[in-house]
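First up is the structure itself, then whatever we jot down about it.
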Amino acid sequence: MTSGHKAWKVLVTLCGLSAATIGVSINTSGVFYGVVSEALGIYRGSFAFHMTIFSIVTAIAGLFVIKLLEKVPFKLLMWVSIAVGFASTALMGMATQLWQFYLLSFLRGFSTGMFSIMTLTYIINFWFNEKNGLATSITLSFSGIIGALISPILAKVIQSQGWQFAFLVQALIFLTFCLPALLFPFKLDPRQEGLTAYGFKGKEEVVDELTDIEPTSNFKINSTLIAMIIFGVSLSFITSMAQHFPGFAETLNLDVTVGASLLSMAMLGNILSKLAVGFLSDKIGAIKANFVLIFALTLGILLLIIGKTPSLLMPGAFLLGASFGILAVATPLITRHIYGVNDYGKTYPLIGFASNLGAAIAFSAIGFIYDFTKSYYPSLFIFLALIAIGSLAVIYANKKGKA
Numbered sequence: 013m014t015s016g017h018k019a020w021k022v023l024v025t026l027c028g029l030s031a032a033t034i035g036v037s038i039n040t041s042g043v044f045y046g047v048v049s050e051a052l053g054i055y056r057g058s059f060a061f062h063m064t065i066f067s068i069v070t071a072i073a074g075l076f077v078i079k080l081l082e083k084v085p086f087k088l089l090m091w092v093s094i095a096v097g098f099a100s101t102a103l104m105g106m107a108t109q110l111w112q113f114y115l116l117s118f119l120r121g122f123s124t125g126m127f128s129i130m131t132l133t134y135i136i137n138f139w140f141n142e143k144n145g146l147a148t149s150i151t152l153s154f155s156g157i158i159g160a161l162i163s164p165i166l167a168k169v170i171q172s173q174g175w176q177f178a179f180l181v182q183a184l185i186f187l188t189f190c191l192p193a194l195l196f197p198f199k200l201d202p203r204q205e206g207l208t209a210y211g212f213k214g215k216e217e218v219v220d221e222l223t224d225i226e227p228t229s230n231f232k233i234n235s236t237l238i239a240m241i242i243f244g245v246s247l248s249f250i251t252s253m254a255q256h257f258p259g260f261a262e263t264l265n266l267d268v269t270v271g272a273s274l275l276s277m278a279m280l281g282n283i284l285s286k287l288a289v290g291f292l293s294d295k296i297g298a299i300k301a302n303f304v305l306i307f308a309l310t311l312g313i314l315l316l317i318i319g320k321t322p323s324l325l326m327p328g329a330f331l332l333g334a335s336f337g338i339l340a341v342a343t344p345l346i347t348r349h350i351y352g353v354n355d356y357g358k359t360y361p362l363i364g365f366a367s368n369l370g371a372a373i374a375f376s377a378i379g380f381i382y383d384f385t386k387s388y389y390p391s392l393f394i395f396l397a398l399i400a401i402g403s404l405a406v407i408y409a410n411k412k413g414k415a
């Protein structure tokens, strides 16, 4: 159990995959919305819908990626998926019709779904018996870090070389972050290499925590799983608010730079909350760590409701970033806490699918709520209700799951 354990080298490659699938593919997409929709003469919402397609298809792919990993060699699946992801991203620079963006987003969503959150956390569960929460948070925090760093670069490329060339640059950056996972030799499960997970203490743990071939399984579609799905969907809706911060600032008659700053603060909260919840999970447990973030998120929404100036809105946006930590890190950790490693691969794909679908729908739902009410405040009040529903659901799931 030293820092020289191979698990930490594997973790580095997973950070690269997280950066590629989420940081580059999702968190930089906003820089293209305005310029591409204007160039093609279409509504911005119509173009942005290609990311809804991406998110939904990624979620669907996560439903059966574990089954594929059982039948297809891990590295082969990575090579094919990354190649398709690279090509479909680069080809967007050659697209001239909206349907072409939709088709390419379908292909890109399916391919990146093969090595997104479901696969990343699945591998971490095998390689990390100790520090599992920390490893998960480090890996997924890279999506926020890279998104924050690469977005300005792509924006400058668009200004100087055009959006078509920027898609090629995005594809090359995507491939660069994937290369370590492709080139570094490692197996899905350390036992396939004759190794043990980081923090492995004794033979008993092979059955209790590491192995996926326990004699009995606790998995069943019951009220516990439904409660976890309700929790995931409820909190996933809130993550979509961050992309509406520029419009939210505009409704308050604030400068456009304030809206951009609110989005940046949310991304900072995204990064730090992912790091914090993993660390806290290892110290106080996944459930308590989750409620620390829920408290921060609730406070953030209240600040956004009462705030009219940047002095209150900025910290509110930062705290709303905790929703990303809940969705991306706390939810997988809670799933592992309730179901264990054995049933994680059966339950989290369902929870993750529902959560991603909720986030995808929320992008449009928040916009429609504004269209009908001319305000973002109804959405913020709905978020408070969703937090209450999600909190009750996860308390119930934890109680029933551990009964």
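Each residue of the sequence shown is one higher than the one before, starting from 13 at the first, in our numbering. C-beta atoms are modelled at their ideal positions from N, C-alpha and C, and glycine is treated no differently. Being a predicted model, the structure only gives us computed values, none of them experimental.
request  = Buried or exposed for residue 294, please, with buried defined as at least 16 other CB atoms from any protein chain shown within 10 angstroms of its CB.
outcome  = Burial call: buried.
ask   = To the nearest whole angstrom, what separates the beta carbons of residue 329 and residue 252, a pair I think is in contact under 8 angstroms?
value = The Cβ separation is near 14 angstroms, so there is no contact.
inquiry  = Beta-carbon within less than 6 angstroms of residue 157's beta-carbon, same chain only, minus the 5 sequence neighbours each way: which residues are those?
reply    = Result list for residue 157: 283, in chain order.
For residue 281 and residue 243, the rounded distance between their alpha carbons = For residue 243 and residue 281, the distance between alpha carbons rounds to 20 angstroms.
key: Buried or exposed (CB count within 10 angstroms, at least 16 for buried), residue 216   = Confidence in residue 216 is poor, its pLDDT being 44 and thus under 50, which makes the residue's placement too unreliable to answer from.
task = Quick one: give me the first and last residue of the alpha helix (DSSP H) that residue 390 is part of.
result = Annotation for residue 390: the continuous alpha helix (DSSP H) segment containing it runs 389–413.
task = Within its chain, find whatever has a CB closer than 8 angstroms to the CB of residue 19; leave out the 5 residues flanking it on each side and keep chain order.
result = Excluding the 5 residues flanking it on each side, residue 19 has same chain C-beta neighbours closer than 8 angstroms at 139, 140, 147, 202, 209 and 210, in chain order.
query = Under 9 angstroms between the Cβ atoms of residue 44 and residue 170?
reply = The Cβ atoms of residue 44 and residue 170 lie closer than 9 angstroms to each other.
ask   = Per DSSP, which one or two residues make a beta bridge with residue 210?
value = In the DSSP output, where bridge partners are listed per residue, residue 210 has 140.
query = Can you give the Cα-Cα distance for residue 142 and residue 135, rounded to whole angstroms?
reply = The alpha-carbon separation between residue 142 and residue 135 amounts to approximately 14 angstroms.
ask   = Can you list the alpha helix (DSSP H) stretches of 4 or more residues lying completely in the stretch 258–335, in chain order?
value = Unbroken alpha helix (DSSP H) stretches of 4 residues or longer found wholly inside the stretch 258–335: 268–296, 298–318 and 322–332, given in chain order.
task = Give the single residue among 73, 279 and 180 whose Cα lies nearest to the Cα of residue 161.
result = Per the Cα distances, 279.
ask   = When the cut-off is 9 angstroms and only beta carbons count, does residue 336 lie next to chain B?
value = Within the model displayed, chain B is absent; a lone protein chain is all it includes.
task = Would you mind reading off the limits of the alpha helix (DSSP H) that contains residue 251?
result = For residue 251, the enclosing alpha helix (DSSP H) starts and ends at 235–251.
ask   = Which class does residue 85 belong to by DSSP, given the choice of helix, strand or coil?
value = The answer is coil: DSSP assigns residue 85 none of H, G, I, E or B.
task = Take residue 75 and list the residues in its own chain whose beta-carbon comes closer than 6 angstroms to its own, dropping the five residues that flank it on each side.
result = Same-chain partners within the cutoff: 361 and 365.
request  = Rounded to whole angstroms, what's the CA-CA distance from residue 412 to residue 402? Just pull it up for me.
outcome  = About 15 angstroms.
query = How is the alpha helix (DSSP H) around residue 349 delimited, first residue to last?
reply = Run containing residue 349: 343–385, per the alpha helix (DSSP H) assignment.
Cβ shell of residue 408 (< 7 angstroms), same chain only, five flanking positions each side left out = Correct list, in chain order: 239.
task = Would you give the residue range spanned by the alpha helix (DSSP H) that residue 21 belongs to?
result = Per DSSP, the continuous alpha helix (DSSP H) segment holding residue 21 begins and ends at 18–30.
ask   = Roughly how many whole angstroms lie between the Cα atoms of residue 177 and residue 189?
value = Taking the straight line from one Cα to the other gives about 19 angstroms.
ask   = Is it buried or exposed for residue 31, if we count other Cβ within 10 angstroms and need 16 for buried?
value = By the neighbour-count rule (16 or more Cβ atoms within 10 Å), residue 31 is buried.
query = How many angstroms separate the CA atom of residue 309 from the CA atom of residue 334?
reply = Cα to Cα, residue 309 sits roughly 6 angstroms from residue 334.
key: Check whether residue 385 and residue 363 have beta carbons under 9 angstroms apart   = With contacts defined by Cβ atoms closer than 9 angstroms, residue 385 and residue 363 do not form a contacting pair.
ask   = Is it buried or exposed for residue 321, if we count other Cβ within 10 angstroms and need 16 for buried?
value = Around the Cβ of residue 321, a 10 Å sphere holds fewer than 16 other Cβ atoms; the residue is exposed.
ask   = What do you reckon, are the CB atoms on residue 36 and residue 255 nearer than 9 angstroms?
value = No, the Cβ-Cβ distance between residue 36 and residue 255 is not below 9 angstroms.
key: Three-state class that DSSP yields for residue 95 in the structure shown   = Residue state, collapsed to three classes: helix.
ask   = When we look at the beta-carbon of residue 302 and count the other beta-carbons within 10 Å, is it buried (16 or more) or exposed?
value = Residue 302 is classed as buried because its beta carbon has at least 16 other beta carbons within 10 Å across all chains shown.
message = Checking 9 angstroms against the spacing of the C-beta atoms, do residue 34 and residue 155 come in under that value?
response = Yes, these two residues count as a Cβ contact at 9 angstroms.
inquiry  = Just to confirm the assignment, what range does the alpha helix (DSSP H) spanning residue 55 have?
reply    = Note, residue 55: premise wrong, no alpha helix (DSSP H); not H, not E.
key: Burial state of residue 184 (16 or more Cβ within 10 Å)   = Per the 10 Å Cβ criterion, exposed.
task = Let me know the alpha helix (DSSP H) ranges lying completely inside the stretch 153–196, each 4 residues or longer, listed in chain order.
result = Segments of the alpha helix (DSSP H) lying fully in the stretch 153–196: 175–195.
ask   = Helix, strand or coil: how does DSSP classify residue 135 here?
value = Three-state DSSP puts residue 135 in a helix.
ask   = On the three-pair Cβ rule with 8 angstroms, is the stretch 116–128 touching the stretch 347–359?
value = These segments do not touch.
message = Suppose you measure from the CA of residue 390 to the CA of residue 264; what does that come to, to the nearest Å?
response = Between the alpha carbons of residue 390 and residue 264 lies a gap of roughly 15 angstroms.
key: Buried or exposed (CB count within 10 angstroms, at least 16 for buried), residue 175   = Taking all protein chains in view, the Cβ of residue 175 is crowded by 16 or more other Cβ atoms within 10 Å, so the residue is classified as buried.
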